[in-house]
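Okay, structure first, notes after.
Numbering (UniProt numbering), first residue to last: 1 to 245.
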């Protein structure tokens, strides 16, 4: 089994089985945890939005600091999934504040774009969840391998872009609004969306393998990481499309 989400993989579930007579991971429990994390993300996002809207000099530290700390927490959770009950809510709050600042910046330039991106994100989530539950989509090993490879390639490309940015070099595929740039964003959105299918699959595996109860938080964290990535990529795509108007 493969997944490009660092917080969800077979080894995590195998290493964290529930002990005898202890509560085990359930699908409903994971859904509940995901709802809690999404709510925390939204509340923190509104805070970040207000900070940016007020013109406060704290906007940049909130965005950069929140993003970096959230990334560190995700990395820690990969090695210490038993800390997920504390890490997952902390990630949601820190990442939410950072995303709130980013969302305000996009919305200030393209009014209404944030609502569109949010609706599309949840629309894709529920559509893929329905397709997965109805067995219209069943990820094969080749499917998983392809998504993992594509996700890794995107990560490396963004990493190179970030490094080049420090030297004042702008990559048109990321920053531009040409048809090639739009096509690249469409591709990234598709890959981000398909990562949700892998997340569903591994959550289901965790339930079947009777993982420890706290793995519900780890699973919810993994799903939230993918949702945030999908939302940001949709924002970028919509911004490119609207900048051509």
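The beta carbon of each residue, even a glycine, is placed where N, CA and C say it ideally should be.
| Asked | Found |
| --- | --- |
| Using a 10 Å radius around the Cβ and a threshold of 16 neighbouring Cβ atoms, would you call residue 134 buried or exposed? | exposed |
| Pair every Cβ in the stretch 46 to 65 with every Cβ in the stretch 95 to 103, then say whether three or more of these pairs are closer than 8 Å. | yes |
| Identify the residues that DSSP records as bridge partners of residue 24: which are they? | 212 |
| Buried or exposed for residue 75, please, with buried defined as at least 16 other CB atoms from any protein chain shown within 10 angstroms of its CB. | exposed |
| Determine the direct distance from the alpha carbon of residue 113 to that of residue 137, and round the result to whole angstroms. | 30 Å |
| In chain order, what residues of the same chain lie with their CB nearer than 7 Å to the CB of residue 197, ignoring the 5 residues before and after it? | 128, 132, 137, 139 |
| What residue from 144, 67, 80 has the CA that sits closest to residue 191's CA? | 144 |
| For residue 195, name the three-state secondary structure that DSSP assigns. | helix |
| Using a Cβ distance threshold of 8 Å, determine whether the stretch 201 to 221 contacts the stretch 84 to 96, with at least three qualifying pairs required. | yes |
| As a quick exercise: from 122, 53, 147, pick the residue whose alpha carbon is nearest that of residue 106. | 53 |
| Taking the alpha helix (DSSP H) that residue 80 falls in, what are its first and last residues? | No alpha helix (DSSP H) holds residue 80; DSSP gives it neither H nor E. |
| Within the continuous alpha helix (DSSP H) that includes residue 111, where are the two ends? | Segment: none, residue 111 is in no alpha helix (DSSP H) and carries neither H nor E. |
| For the alpha helix (DSSP H) holding residue 177, just list the boundary residues, first then last. | Segment: none, residue 177 is in no alpha helix (DSSP H) and carries neither H nor E. |
| Quick one: what does DSSP say residue 85 is sitting in, helix, strand or coil? | helix |
| Report the CB separation of residue 195 from residue 151 in whole angstroms; it is logged as a contact under 8 Å. | 6 Å |
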